[in-house]
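The numbers in my numbering rise by one with no breaks, and the one at position 18 of the sequence shown is 626.
Okay, so here's the structure we're looking at.
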Amino acid sequence: MVLPLAYWLQYVFVSVKLLRQLIRDYRKLSKTGKTTKQKPRGEGFDLDMMQLVISGLANGSVYGLIALGFVLIYKATEAVNFAQGDFMMLGAFITIWLANPQFLGIDFWIAVPLAISIMAVLGYLLDLFVIRKMFGQPQIAVVILTIALGFIIRFVVGAIWKHEPQLLETPFAGRELRIGELVLGFEEVAVIVVTLLLTLFLFLFFRKAKLGKAMQAASQNQLAAYYVGIPVKRIQSLVWALAGAVAAVAGVLFASKGAVDPSTGLLGIKAFAAAVIGGFGSLPGALIGGLIIGLIEPFAAYALPAGYSQIAPYAVMLLVLIFRPAGIFSQMQKKKV
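In structure tokens form, the structure reads like this:
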């Protein structure tokens with residue numbers, strides 16, 4: 609018992625130290641921003657903060673979409689798919705292969721829905737021929753299987769598309785939106801807007817659509833759902849298909865604003881932290897957890913030394929685990945069958 613306690617105390621100490629340092633540097637920079645009145649417009653502290661917020665929201669939106677995949681599969685199978693980040697990376701590479709001129713060169717607006725459909729089919733087939741065979745096995749077996757699946761995806765992508773970073777060519781590449789002196793990349797705005805719309809769609813889908821209600825019922829009580837005539841196994845396959853489609857959307861959005869390579873799938877670790885912060889089982893919580901992680905990163909990098917900024921998101925996750933182990937939005941979930 610001594611060793612785990614020592615580790616927890618160490619995590620708490622580092623987390624508190626990070627928070628104090630962030631507050632101290634923020635106050636110092638705030639004072640600096642207020643006293644530098646002779647700086648030209650557009651170079652002030654407030655404008656820098658807005659740029660950090662937009663960048664954080666864009667990255668956090670991608671984390672939130674990956675976290676949505678975590679939550680969807682967890683709600684359906686009570687297992688964690690640690691390959692969800694690799695699904696996102698695979699969706700990005702499939703879209704690049706379809707849309708970029710050096711590959712197939714299909715029109716962007718055709719390539720995107722095609723890539724989403726391919727990832728949905730892959731998710732469905734994965735559950736049908738692999739995950740379903742694990743039925744009755746301990747959940748840890750499914751977790752280990754998804755970890756191995758992530759390694760396989762990274763190896764296959766590296767073998768096919770090599771390990772050079774690839775950027776998705778989009779019709780709106782290089783465009784900017786200006787609000788006064790604030791300059792926003794069109795890709796960042798698109799990432800935020802699409803993420804909000806997709807989250808709203810999923811929320812309404814699970815609340816209003818018959819299939820969405822069936823998915824909820826099957827995830828909350830499989831035996832009761834089976835007795836009322838819900839095809840539980842088929843529903844689970846559809847959930848994996850939906851998680852694959854959401855991962856593809858996240859991959860398209862991420863690849864449109866930054867280069868991807870096989871190691872990009874490791875972003876799933878940050879998305880897992882987002883799901884933990886928001887609370888597994890909560891779709892809005894997954895998105896908000898992703899936004900929290902996304903906002904922490906640029907502000908920590910801005911105010912803290914590089915070494916500290918890298919662990920800041922995980923320090924926040926540990927604080928949430930200590931003070932609210934079920935996540936921020938855990939009490940908002942109500943089971944209905």
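Glycine included, C-beta positions come from ideal geometry on N, C-alpha and C.
Hey, could you find the ends of the beta strand (DSSP E) Gly793 is sitting in? Residue numbering aside, residue 793 sits at position 185 when the sequence shown is read from its first letter. That run of the beta strand (DSSP E) goes 790–793.
Got a sec? Which residues, its chain only, sit under 8 Å from Leu722 by beta carbon, not counting five neighbours each side? For this step, residue 722 is matched to residue 114 along the sequence shown. Answer for Leu722: Leu706, Ile714, listed in chain order.
Suppose you measure from the CA of Leu736 to the CA of Leu757; what does that come to, to the nearest Å? Against the sequence shown, residue 736 aligns to sequence position 128. Against the sequence shown, residue 757 aligns to sequence position 149. Each residue's alpha carbon lies about 15 Å from the other.
Would you mind working out which of Glu784, Leu676, Ala851, Leu776 sits nearest Gly889, comparing C-alpha positions? Translated into the one-based positions of the sequence shown, residue 889 becomes position 281. Ranking Glu784, Leu676, Ala851, Leu776 by Cα distance to Gly889 puts Leu676 first.
Considering only C-alpha positions, which residue in the set Ala700, Leu680, Phe931, Asn689 is nearest to Pro870? Here residue 870 is taken as the residue at index 262 of the sequence shown, counted from 1. For Pro870, the nearest C-alpha among the options comes from Ala700.
Just list the alpha helix (DSSP H) runs in the region 822–872, keeping only unbroken ones of 4 residues or longer that don't cross its boundaries, in chain order. 830–835, 840–865
Span separating the alpha-carbon of Leu698 from that of Ile787: Here residue 698 refers to the residue found at position 90 when the sequence shown is read from its first residue. Here residue 787 refers to the residue found at position 179 when the sequence shown is read from its first residue. Going from the Cα of Leu698 to the Cα of Ile787 covers about 35 Å.
Beta-carbon proximity of Val884 to Leu810, cut-off 8 Å: Within the sequence shown, numbered from 1, the residue matching residue 884 stands at position 276. Within the sequence shown, numbered from 1, the residue matching residue 810 stands at position 202. Against a cut-off of 8 Å, the Cβ pair of Leu810 and Val884 comes out as no contact.
Report the residue from Leu850, Val751, Thr703, Tyr910 whose alpha carbon sits nearest the alpha carbon of Ser864. For the purposes of this step, residue 864 is identified with residue 256 of the sequence shown, where counting begins at 1. For Ser864, the nearest C-alpha among the options comes from Thr703.
Give me the residue from Gly820, Gly859, Leu912, Glu784 with the minimum Cα distance to Pro839. What you label residue 839 is simply residue 231 of the sequence shown in a count that begins at 1. Ranking the options by Cα distance to Pro839, first place goes to Gly820.
Just tell me which of Val868, Ala826, Arg740 has its CA closest to the CA of Glu772. The residue labelled residue 772 in the question sits at position 164 within the sequence shown. Residue Val868 is the option with its Cα nearest to Glu772.
Would DSSP call Arg932 helix, strand or coil? The count along the sequence shown starts at 1 and reaches residue 932 at position 324. Of the three classes helix, strand and coil, the one that applies to Arg932 here is coil, per DSSP.
According to the neighbour-count rule (16 or more other Cβ atoms, all chains shown, within 10 Å of its Cβ), is Lys683 buried or exposed? For the purposes of this step, residue 683 is taken as the residue at position 75 of the sequence shown. Answer is buried; the Cβ neighbour count reaches 16.
Within a Cβ cutoff of 7 Å, which residues of the same chain sit near Ile726, ignoring the five residues on either side of it in sequence? Taking the sequence shown and counting its residues from 1, one reaches residue 726 at position 118. For Ile726, where only same-chain residues beyond five positions count, the Cβ hits under 7 Å are Ile702.
Please list the terminal residues of the continuous beta strand (DSSP E) segment that includes Arg762. Against the sequence shown, residue 762 aligns to sequence position 154. Premise fails: Arg762 lies in the alpha helix (DSSP H), 747–769, not in any beta strand (DSSP E).
Residue range of the beta strand (DSSP E) that includes Glu784: Mapped onto the sequence shown, residue 784 falls at position 176. Per DSSP, Glu784 belongs to the beta strand (DSSP E) from 784–787.
Beta-carbon within less than 8 Å of Leu626's beta-carbon, same chain only, minus the 5 sequence neighbours each way: which residues are those? For the purposes of this step, residue 626 is identified with residue 18 of the sequence shown, where counting begins at 1. In this predicted model, Leu626 has a pLDDT of only 48, less than 50, meaning its place in the structure is not dependable; the value taken from the coordinates is given anyway. Result list for Leu626: Ala908, Leu912, Tyr916, Ile919, Ala920, Ala923, in chain order.
Out of curiosity, what's the CA-to-CA distance linking Leu808 and Ile674? Stepping through the sequence shown from its first residue, residue 808 is reached at position 200. Stepping through the sequence shown from its first residue, residue 674 is reached at position 66. Each residue's Cα considered, the two are about 15 Å apart.
So if DSSP puts Gln774 in a beta bridge, which residue, or which two residues, is it bridged to? As a working mapping, residue 774 is identified with position 166 in the sequence shown. Bridge partners of Gln774: Val868.
Pull up the CB-CB distance for Ala825 and Ala817, whole angstroms please, since I reckon it's below 8 Å. The residue labelled residue 825 in the question sits at position 217 within the sequence shown. The residue labelled residue 817 in the question sits at position 209 within the sequence shown. Rounded, the Cβ-Cβ distance is 12 Å, inconsistent with contact.
Would you mind reading off the limits of the alpha helix (DSSP H) that contains Asp694? Translated into positions along the sequence shown, residue 694 becomes position 86. Taken as a continuous stretch (DSSP letters only), the alpha helix (DSSP H) holding Asp694 covers 692–707.
What is the DSSP secondary structure of Ala781, reduced to helix, strand or coil? Residue 781 sits at position 173 when you count from the first residue of the sequence shown. Ala781: coil per DSSP, three-state reduction.
For Lys841, tell me which candidate among Leu891, Phe690, Glu795, Gly744 has the shortest Cα-Cα distance. As a first step, residue 841 is located in the sequence shown; it is residue number 233 there, counting from the start. Checked all of Leu891, Phe690, Glu795, Gly744; the closest Cα to Lys841 is Gly744.
With DSSP as the reference, label Pro906 as helix, strand or coil. Within the sequence shown, numbered from 1, the residue matching residue 906 stands at position 298. Three-state result, Pro906: helix.
Applying the criterion that 16 or more other CB atoms from any shown protein chain within 10 Å of the CB defines a buried residue, is Ala822 buried or exposed? On the sequence shown, residue 822 is found 214 positions in, with the first residue counted as 1. Buried.
Is the distance from the Cβ of Gly668 to the Cβ of Gly852 below 8 Å? Locating residue 668 in the sequence shown gives position 60, where the first residue counts as 1. Locating residue 852 in the sequence shown gives position 244, where the first residue counts as 1. No, the Cβ-Cβ distance between Gly668 and Gly852 is not below 8 Å.
Checking 8 Å against the spacing of the C-beta atoms, do Ala894 and Val679 come in under that value? For this step, residue 894 is matched to residue 286 along the sequence shown. For this step, residue 679 is matched to residue 71 along the sequence shown. Contact: yes.
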